[in-house]
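Novice: Using my numbering, the first residue of the sequence shown is number 245, and each one after it goes up by one.
All C-beta atoms, glycine included, are put in the ideal place defined by N, C-alpha and C.
Below is the structure I would like to discuss, written out as structure tokens.
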Amino acid sequence: MTWIVWRQQRLALISLAVALVLGVAAVLLLRAGMTADLAAKGIAGCVPDGIKPGTACSSTAVAEFQDTWFDRMKIAQMLVLALPALVGVFIGAPLFAREFEQGTHVLAFTQSVSRIRWMASKFLVTAVPALVVLLALQFLVGGWLAAAGNLGPLKTGPFAVTTFGASGVSPFAYTLFAYTLGMFLGALSRRTLMAMTLTLGVFVVFRYLLISLRQFLLAPKRIVSDDPTSSAVPTGDRSLVLDSGHLDAAGNVLPNSWSRISSCGARGNEVMPTDLITCYREHGLVRSYADLIPVDAATSLHLVEASIFVGLAVLFTLGSIWAVRRQV
Numbered sequence: 245m246t247w248i249v250w251r252q253q254r255l256a257l258i259s260l261a262v263a264l265v266l267g268v269a270a271v272l273l274l275r276a277g278m279t280a281d282l283a284a285k286g287i288a289g290c291v292p293d294g295i296k297p298g299t300a301c302s303s304t305a306v307a308e309f310q311d312t313w314f315d316r317m318k319i320a321q322m323l324v325l326a327l328p329a330l331v332g333v334f335i336g337a338p339l340f341a342r343e344f345e346q347g348t349h350v351l352a353f354t355q356s357v358s359r360i361r362w363m364a365s366k367f368l369v370t371a372v373p374a375l376v377v378l379l380a381l382q383f384l385v386g387g388w389l390a391a392a393g394n395l396g397p398l399k400t401g402p403f404a405v406t407t408f409g410a411s412g413v414s415p416f417a418y419t420l421f422a423y424t425l426g427m428f429l430g431a432l433s434r435r436t437l438m439a440m441t442l443t444l445g446v447f448v449v450f451r452y453l454l455i456s457l458r459q460f461l462l463a464p465k466r467i468v469s470d471d472p473t474s475s476a477v478p479t480g481d482r483s484l485v486l487d488s489g490h491l492d493a494a495g496n497v498l499p500n501s502w503s504r505i506s507s508c509g510a511r512g513n514e515v516m517p518t519d520l521i522t523c524y525r526e527h528g529l530v531r532s533y534a535d536l537i538p539v540d541a542a543t544s545l546h547l548v549e550a551s552i553f554v555g556l557a558v559l560f561t562l563g564s565i566w567a568v569r570r571q572v
């Protein structure tokens, strides 16, 4: 049975092997070129802290480096993000749909091997290599970005869409979700093209939905500043800001505070009151606040989101078993 499955999935396995070889070669070459460029421009010391005004880390050499390498690193992140969808569409969706569509499942069902074992063989032969390829490329791309430090995409913090989705346990969870989603839709619809189309659509919609609902996955932390005229978020903080505004003397959030702010002018305005803070407080704007998920909670957010995707993957696997067992 295993040999038959290997034969049936050889195109997918060859494609994964080619993707791995090309991906590894490309990332290693690009990383070597980037580190050489850092050394040649004399800005390797800028990697930990990024651009710093008034120092060599604000020179044209840094700007030239980022013009050359920043977009390339972003593209690498986006490829890691795209890989789960590709696995789900081109490997997961046809896994059972093609068998049912072409009628080749009849041969397997008439053998002494149970349907569960047949499904498990097909799943393991393709899912494990796909996950290995993904994790290898994620590791290499992550190492490349780490070598650029705060001169690359990591400067925007761990909650940037591409950085968050291409790091931690997220790519693994996305791939498992996409693969089992495609597998389930293929077993249910028994039409390869339909399953591939639905897999892509559902995956994209659900990923977008989880991004938009991310603020509800962890309890936010509230930061309060006694200066109502400035942001409560410290300069350079890379936390995920969910909400911000002003509080009254009792600590209640003030809705539509901008209408009150407008009567006090603004910093740098010639007609603003002498004491802007006093004006704000006279209008009830006593403090400023920000609700955020701090940088050190990024790992927790990864785990919470991944648990949702893995939980759905388990449900899709059970659904696939049900769909295959009802097939005659």
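Using the Cα positions of P517 and G489, report the straight-line distance between them to the nearest angstrom.
Specialist: For P517, the pLDDT reaches just 47, beneath the cut-off of 50, and the residue's location in the model is therefore unreliable, although a value from the coordinates is still provided. The alpha-carbon atoms of P517 and G489 are separated by roughly 21 Å.
Novice: So who's on the other strand from S488, going by DSSP bridges?
Specialist: A534
Novice: Check whether the Cβ atoms of P431 and F340 sit closer than 8 Å, and answer yes or no.
Specialist: Pro is not the amino acid found at residue 431; the sequence shown has Ala there. Yes; because the gap between Cβ atoms is below 8 Å, this pair is in contact.
Novice: Quick check on I505: does DSSP put it in helix, strand or coil?
Specialist: helix
Novice: For V333, I'd like the list of residues in its chain whose CB is within less than 6 Å of its CB, leaving aside the five on either flank, ordered along the chain.
Specialist: M440, T443 and L444
Novice: Does the Cβ of D535 have 16 or more other Cβ atoms within 10 Å, making it buried, or fewer, making it exposed?
Specialist: buried
Novice: For the alpha helix (DSSP H) that S414 lies in, which residues bound it at each end?
Specialist: Per DSSP, S414 belongs to the alpha helix (DSSP H) from S414 to S433.
Novice: Counting Cβ pairs, one atom from each stretch, are 3 or more of them under 8 Å apart for the stretch 314-326 and the stretch 395-414?
Specialist: yes
Novice: Consult DSSP for V291 and reduce its assignment to one of helix, strand or coil.
Specialist: coil
Novice: Using a Cβ-Cβ cut-off of 7 Å (strictly less than) and excluding sequence neighbours within five positions of V530, which residues of its own chain qualify?
Specialist: P472, L491, D492 and A493
Novice: Within this structure, are the beta carbons of P415 and Q382 separated by less than 8 Å?
Specialist: yes
Novice: Thinking C-beta only, is T424 closer than 8 Å to R342?
Specialist: no
Novice: For the stretch 358-414, which segments carrying the alpha helix (DSSP H) assignment without a break, of at least 4 residues, lie completely within its bounds, in sequence order?
Specialist: 359-392 and 405-409
Novice: When the Cβ atoms of the stretch 368-381 are set against those of the stretch 257-265, are three or more pairs found closer than 8 Å?
Specialist: yes
Novice: Say the cut is 7 Å; is the CB of Y452 nearer than that to a heavy atom of the ligand MG?
Specialist: Inclusion of the ligand MG in the displayed structure is not the case, the ligand content being empty and no account of it being possible.
Novice: Rounded to a whole number of angstroms, what is the C-alpha to C-alpha distance between A391 and V265?
Specialist: Roughly 21 Å between the two C-alpha positions.
Novice: State the Cα-Cα distance for the pair L196 and T279, rounded to the nearest angstrom.
Specialist: Coverage of the chain is limited to positions 245 through 572, which leaves residue 196 absent and any answer about it impossible.
Novice: Answer with yes or no whether the minimum CB distance from V468 to chain C is below 8 Å.
Specialist: You won't find chain C in this structure, because it holds only one protein chain.
Novice: Measure from the alpha carbon of V539 to the alpha carbon of each residue in V497, P478 and S551, then state which is nearest.
Specialist: P478
Novice: Whose CA, out of I552, V548, H546 and P499, lies closest to the CA of H527?
Specialist: P499
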